[in-house]
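Protein chains in written order, with the working numbering: chain A, 322 to 434; chain B, 109 to 218.
Just below is one structure, and these are the notes that go with it.
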């Protein structure tokens with residue numbers, strides 16, 4: 322069966338510090354991978370989307386970047402965090418060529434202070 | 109035109125009642141309409157989904173009603189339970205991208 326791992330679960334970082342959130346998927350190959358952000362009590366904002374290694378689509382210009390160094394690994398990064406980067410970050414995957422069903426990780430609650 | 113408008117923003121229903129969450133869209137190219145359920149501190153999970161060639165789909169206590177001409181679809185929860193308390197998101201798919209509603213926080217009171 323397929324599983325998605327996302328860590329850490331919570332993170333408190335000072336303004337101006339770097340960020341690295343990692344997501345890995347097991348049990349499938351060539352998945353589509355996504356990073357979403359959810360502000361408190363708000364909807365889901367798609368940040369990045371990837372259909373393969375090194376292929377990243379950015380949906381929203383911002384202080385963040387994403388990389389996919391391996392088929393089932395997706396990393397969200399920032400060189401310098403802003404207060405506005407606080408939120409609940411979710412990684413998700415779907416089967417390659419089929420974007421109908423997304424499987425989400427358990428999320429990372431990021432607080433930038 | 110890429111928006112999905114979801115209402116209400118929050119909803120409180122007594123146990124056993126039938127909460128109804130509504131979504132509306134404009135883009136007729138949308139061809140798949142899922143609903144996701146999210147519990148606090150967790151990622152959303154697919155609950156039920158429908159395609160535009162079907163007017164209703166039922167899975168257990170959850171039903172999607174779809175009105176293609178009105179470009180609206182809704183989620184009904186029969187015999188609601190406190191365990192159904194969660195945030196519900198509707199979405200619509202076009203090409204590779206899911207367009208999400210803003211979410212409805214549902215509370216079922218015992």
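Using N, Cα and C, we set each Cβ at its ideal position, and we do this for glycine too.
Linking residue 353/A to residue 344/A through their CA atoms gives a straight-line distance of about 12 Å. Judged by DSSP secondary structure, residue 122/B falls within the beta strand (DSSP E) whose first and last residues are 118 to 122.
Excluding the 5 residues flanking it on each side, residue 122/B has same chain C-beta neighbours closer than 7 Å at 217, in chain order. A direct Cα-to-Cα measurement between residue 369/A and residue 425/A gives close to 14 Å. Under the Cβ distance rule, residue 411/A counts among the residues neighbouring chain B, one pair being separated by less than 7 Å.
Counting C-beta atoms within 10 angstroms of its own C-beta, residue 187/B has fewer than 16 neighbours from the protein chains shown and is therefore classed as exposed. Annotation for residue 338/A: no beta strand (DSSP E) segment contains it, and DSSP assigns it neither H nor E.
Taking C-beta atoms as the reference points, residue 169/B and residue 158/B fail to come closer than 7 Å.
In the displayed model, residue 405/A falls within a helix according to three-state DSSP. The three-state reading of DSSP puts residue 373/A in strand, counting E and B together. Between residue 329/A and the set 418/A, 364/A, 347/A, 410/A, the nearest pair of CA atoms involves 410/A. Spanning the alpha carbons of residue 360/A and residue 212/B requires a straight line of approximately 14 Å.
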